[in-house]
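Participant: In our numbering, the protein residues as written are 143 to 315.
Cβ coordinates follow ideal geometry from the N, Cα and C atoms, glycine included.
Quick caveat, the model's predicted, so the values are computed rather than measured.
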Ligand SMILES: [Fe+2]
Ligand SMILES: [Fe+2]
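#1: Along the chain, where does the alpha helix (DSSP H) containing residue 202 start, and where does it finish?
#2: Please tell me whether, using a cut-off of 7 Å, the distance from the CB of residue 298 to the nearest non-hydrogen atom of ligand 1 is below it.
#3: At the level of alpha carbons, what is the spacing between residue 267 and residue 287?
#4: Flag this pair as yes or no: are the beta carbons of residue 255 and residue 213 separated by less than 8 Å?
#5: Does the beta carbon of residue 244 come closer than 8 Å to any beta carbon on chain D?
#6: Within 10 angstroms of its Cβ, does residue 225 collect 16 or more other Cβ (buried), or is it exposed?
#7: In angstroms with no decimal places, state the Cα-to-Cα distance between residue 178 and residue 285.
#8: Check whether the region 296 to 309 and the region 238 to 248 are in contact - that is, three or more C-beta pairs closer than 8 Å.
#9: Please report the straight-line C-alpha distance between residue 281 and residue 221, rounded to a whole angstrom.
#10: Which class does residue 315 belong to by DSSP, given the choice of helix, strand or coil?
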């Protein structure tokens, strides 16, 4: 007679601890571009638009208030920047409308200072932010096959890069 099979006791398994270098959870990671919808792109463009409106106002104020002989040339340039931000706002407003959205009339934060150098630093922060935003937006337009929008954004990006260079030069950076 065969022996009844011995009851199998579950083997204790050794738990392998997670490596210390485990990547952090990706919860806070930006949304992958391929998940982007047209409505989300319109929302982002409206945020860009609010920043263009704030930039144009900020430049008007800074051009008037900035003082010091070393800032004469850049003062005139700030007015040029302001006019170009206005053109960007018009372009974005039209593009949002073409996409079937409604252009907002919000104005983002405006930064002013009594100190001339600080003003230029504030302007530069805004330009570097704009450059990063438009680089991202160009990729999103490409993804949604909005090639006309992509072209319009590329034209804006070229101007924002010029603005940043003007400010860096005035700040001796
Ligand atoms: Fe702009
Ligand atoms: Fe700009």
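Facilitator: According to the structure shown:
#1: 180 to 207
#2: yes
#3: 30 Å
#4: no
#5: Among the protein chains of the structure shown there is no chain D, as only one such chain exists.
#6: exposed
#7: When rounded, the separation of the alpha-carbon atoms in residue 178 and residue 285 is 9 Å.
#8: no
#9: 30 Å
#10: coil
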